[in-house]
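All the letters of the sequence shown, read from the start, carry residue numbers 69 to 331 under my numbering.
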Amino acid sequence: MRILFIGDVVGNLGQQMLDDYLPRLKKHYKPQVTIVNGENAADGKGITEVAYKRMLNAGADVITLGNHAWDKHELLDFIDHAPKLIRPANFPGNTPGQGYVNINVNGKQLTVINLQGRVFLNALDDPFTKVDELLSHCSASNWIIIDFHAEATSEKEAFGYYVDGRVTAVIGTHTHVQTNDARILSQGTGYLTDAGMTGPYNGVLGVKTENVLSRFLTQRPSRFNVAEDDQGQLNGCVLDFDNNGHTRAINLIKVTPDHPFFD
């Protein structure tokens, strides 16, 4: 079982990188399921129905979200009719949408869960307690992968150890910087602190450099605009799962002007 995971898609350039490279990556790696974090797909904050459908057309099977999920209000109009879109499961119980999805893969079940951390982010329901609740309903799942959307490295690592041996993989998102710590934990759970981002290559985390410098230099609010006119990058990872629900291999994917992708 092979999973292709693509980190936070940022703005139109991120969607264009997905259009250009995802078909090629899928041809090269031949994954059974492709997961894409799309919480920054629309103008750098949130997701629209147009962006959702564009990422599906590019080859995504599941699209996950995060703390910017509701920045585009139109999400409320379509999330309950978007079966391949999931938002963090630890939002309050009356939140629209779903926090996980089950996918049939050749007669076996893959469960994809989206959770959000709480350190330096809005204080949602406790993700550690929530994952216990979710896993109590996943006895029929052959594989479980979690997109843990969080700011703090310590919270991500602690969460990985907390679910080690109970889920197949935990992939972190949110910081837009790919980490070099892909590993398999002692009980068989694949782990990566952050998959990185897919979008502008230069700028600061996908935002125009001058916008961010203005914030630091003046200590005043500055509009953050996506650096859409720049070179692009795509980051993520590819995971191989065995039939026992463990990760057998996890490898980083990086496509940038300095690390071109060769088919």
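Beta carbons are placed, not taken as given, at the ideal position from N, Cα and C, and that holds for glycine.
Exercise. Do three or more CB pairs link the stretch 239 to 259 to the stretch 201 to 216 at distances below 8 Å?
Worked result: yes
Problem set entry | Residue of Val118, Gly271, Asn279, Leu189 minimising C-alpha distance to Ile147 | Val118
Exercise. Quick one: Cα of Ala157 to Cα of Ile181, how far?
Worked result: 7 Å
For this session: Taking Asp308 as part of the alpha helix (DSSP H), name the residues at either end of that continuous run.
Result: Per DSSP, Asp308 belongs to no alpha helix (DSSP H); it is in the beta strand (DSSP E), 300 to 309.
For this session: Identify every residue that forms a DSSP beta bridge with Thr241.
Result: His217
Exercise. Among all the DSSP beta bridges, which residues are the ones paired with Thr197?
Worked result: Per DSSP, none; premise fails for Thr197.
Exercise. In the DSSP assignment, what are the bridge partners of Met265?
Worked result: Asp76
For this session: Compare the beta carbon distance of Met85 and Val294 with 9 Å and say whether it is the shorter of the two.
Result: no
For this session: Assess, as a yes-or-no matter, whether the stretch 128 to 139 is touched by the stretch 246 to 259 under the definition of 3 or more beta carbon pairs within less than 8 Å.
Result: no
Exercise. So, does the CB of Phe227 fall closer than 9 Å to a CB anywhere in chain C?
Worked result: The chain labelled as chain C is not found in the depicted structure, where only one protein chain is given.
For this session: Within its chain, find whatever has a CB closer than 7 Å to the CB of Ser290; leave out the 5 residues flanking it on each side and keep chain order.
Result: Asn279, Ser282, Arg283
For this session: Report, in whole angstroms, the separation of the C-beta atoms of Gln299 and Gly267, which I expect to be a contact under 8 Å.
Result: Wrong, their Cβ atoms sit about 10 Å apart, outside the cutoff.
Problem set entry | Assigned secondary structure, Ile103 (DSSP; H/G/I helix, E/B strand, else coil) | strand
For this session: Could you tell me which of Asn174, Asp310, Pro164, Thr132 sits nearest to Asn75, measuring between CA atoms?
Result: Checking the sequence, you will find Gly at residue 75 rather than Asn. Closest by alpha carbon: Thr132.
Problem set entry | Cβ-based burial, Lys198 [other Cβ within 10 Å; buried from 16] | buried
Problem set entry | Asn172 - DSSP class collapsed to helix/strand/coil | strand
For this session: Measure the Cβ-Cβ separation of Lys315 and Gly258 and say whether it is below 9 Å.
Result: A small fix is needed here, since residue 315 is Thr in this sequence, not Lys. It is a contact, given that the beta carbons lie within the stated cut-off.
For this session: Report all residues from its chain with a CB closer than 7 Å to the CB of Gln255; omit the five preceding and five following residues, and keep chain order.
Result: Asp232, Gly233
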